[in-house]
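Residue numbers (my numbering): 816 to 921.
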């Protein structure tokens, strides 16, 4: 069993980094760093600090809220946060201590 963190980043589909949606950019950046696994989820509805409701059912394109989630060792979490700081990425996150592993492992 490993100890580390579940880290979830929350953003909007319309936010961009280097011409790509920010959520996809975070996921691909983590992958390129050798971080072993992450997922991107689209929300049906959500709102942020500004209080504006965003919904996948609204006609406006790009207003969908997304979450990028990882289960990371402390070392990989620090590597990812360092990279985000270096790239100037400012994104809301939640960091929760967890235990993780494969169900067939002792």
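Glycine included, every Cβ here is placed at the ideal spot set by N, Cα and C.
As summarised for the region 821-853, the continuous alpha helix (DSSP H) elements at least 4 residues long and confined to that stretch are 837-847, given in chain order. The C-alpha of residue 916 is placed about 31 Å away from the C-alpha of residue 903. Residue state for residue 898 is assigned as helix, using DSSP reduced to three classes.
Taking residue 842 as reference, the option from 854, 831, 834 with the minimal CA-CA separation is 854.
By DSSP's assignment, residue 858 forms no beta bridge with any residue.
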